[in-house]
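These notes are about the structure you will find just below.
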Amino acid sequence: MPATVVEPTRTARLRAAARDGAPWSMFRLATALAASGNAAAEEEARALHRRAARAGHVGAQVAYGRMQLQGIGGESDPQHGVDWLMAAERLAHPVAGYWLAWAALGSVLLPRTARINQRILAAMQYGYTPALVAAAVHLGRRPDPGDQALCVRMLECATARGNAVAALLLSERLQHGEGCQPEPRLAAAVRARLRGQGVDPLPLSVALPVPPDAAGAAPATLAFEEALAPSRAVLLAPRPRLSKIDALLSTDECRLLMAAALVRTRRAASTTATLRLDIANEDLALRIVQLRLARAAHAELAHAEQIQIQRRGPGAGDGITAAGSRHFDSLQPDVLARDHPEAGNRVRTLHVCLRPADGGGGMVFPQAGMGTTPRAGCAVMFDTLHADGSHDSDALHADLPVRSGEQWQATLWLREGRYRQA
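So the mapping is simple: this note's numbering equals the position in the sequence shown, first residue as 1, plus 370.
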């Protein structure tokens, strides 16, 4: 006989309360269902948020707008999602502004204007943890001691409100005394709480040099448009067209991508060595990092596939992959036909090291007769197609084996045309 699924007591109580059809009751039930991560529950949550939103509940308007924007609980309808978020913002809900800033950074649905910074500031002042994390990582790029201290305070606030990514970033700063006095015992306590939630600590890392574009920023200000600044690329080889970009990501940005992978996979799914971040899991901090990478590759975020984060070690298993075989990044016709064929093929790859292995790692390009040495925060960029759109056979490459430790890396593939709807 099939097993009967017993609904958790709290959810059952919320469901009973929502039978009165009151917008607040429906909103509370929908919020609980959406937090489960179950596809059927998310679909039901979306329907409940829609009903509550139409009845005038501003929190439901934000939630329903976000679900449509990111395709949570059903097909995405980004423009309709923006319309609902605009309605909620007119009712002075700061979280609506956060998601409108998220949309504006993509420059598809809304223009990039100074309102991005204003909206994020309002969401920070409201105490919305994703806004606090985004601002902390943003300020953490800067050398100013005041900005570094602000970064720590924002991470502390987001950690206190239960944000696991913030806790991972904070534990590293406390351990190494970045923007604060070293507090190894407090860092250990934060890691212990995370382990209790099934989240492993970040791998050992050290502070990186300040990225060149961050040195002149005005202290204690938000200027997220700095992610659009061009990065200097040094040509390594003409065939394939291979370049390197030094100091592209900051210490916190590298840790952010690793933390996102650790929190989303957790120990129960530790056999997953590679994570592609779905747009439904893309908060503002992750979006800004991807925007920075896309612009470094002379492309728009709208042309980027979901970023891929990977752990590599000396052997397979335990959530770590070994070296990869030689391959091309351009997609074969049958694969392309299943994955946004209207966007065209992959034209460029940007591969960034988040943490180098203790020994080995890197990439090799056999046709160019050269390899690359991974350095944290630095990127390798290469073209996968010729200028006329034809396949570049010189772009053959492979991962070099890791001899000891772990190498963490992130890859962003850029398409010929627009890949994202938002």
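The beta-carbon is built from N, C-alpha and C at its ideal position, and this holds for glycine as well.
Check: Just tell me which of G510, D390, Q567 and P515 has its CA closest to the CA of C521.; Outcome: G510
Check: Return the chain-ordered ranges of every beta strand (DSSP E) run that is complete within the stretch 686-743 and spans a minimum of 3 residues.; Outcome: 716-725, 733-735 and 740-742
Check: So who's on the other strand from H673, going by DSSP bridges?; Outcome: DSSP output for H673 lists no bridge partner at all.
Check: Which residue's Cα is closest to the Cα of S395: A430, K614 and H508?; Outcome: A430
Check: Taking C-alpha atoms, which residue in R662, L661, G729 and L770 lies nearest to S695?; Outcome: L770
Check: Below 9 Å between beta carbons: does that hold for D699 and R716?; Outcome: yes
Check: Starting from T644, trace the beta strand (DSSP E) both ways and give me its first and last residue.; Outcome: T644 to R646
Check: Note down, in chain order, each residue of its chain lying with its Cβ closer than 6 Å to the Cβ of T499, except the 5 sequence neighbours on either side.; Outcome: A528, R531 and N533
Check: Is it true that the stretch 617-625 meets the stretch 556-571, where meeting means three or more beta-carbon pairs spaced less than 8 Å apart?; Outcome: no
Check: DSSP on Q518, reduced to helix/strand/coil?; Outcome: helix
Check: Output yes or no for whether 9 Å exceeds the beta carbon distance between G714 and G685.; Outcome: no
Check: Can you find the residues in the same chain that come closer than 6 Å, C-beta to C-beta, to G435, ignoring five residues on each side of it along the sequence?; Outcome: G451, W454 and L455
Check: Who pairs with H767 in a beta bridge, going by DSSP?; Outcome: H697
Check: Answer with buried or exposed for A672, where buried requires no fewer than 16 other C-beta atoms within 10 angstroms of its C-beta.; Outcome: buried
Check: List the endpoints of the continuous beta strand (DSSP E) containing D753.; Outcome: A749 to D753
Check: Where does Q777 sit, in a helix, a strand or coil, going by DSSP?; Outcome: strand
Check: Is there at least one Cβ from chain B nearer than 9 Å to R611's Cβ?; Outcome: Absent from the structure: chain B. Only one protein chain is present.
Check: Assign L578 to one of three DSSP states: helix, strand, or coil.; Outcome: coil
Check: Any chance the stretch 592-609 sits against the stretch 485-498, with 3 or more Cβ pairs inside 8 Å?; Outcome: yes
Check: Which value, in whole angstroms, describes the spacing of the CA atoms of G476 and P600?; Outcome: 17 Å
Check: Output the boundary residues of the alpha helix (DSSP H) element that contains S395.; Outcome: P393 to A405
Check: Compare the C-alpha of L502 against each of A577, G586, L654 and S406 and name the closest.; Outcome: L654
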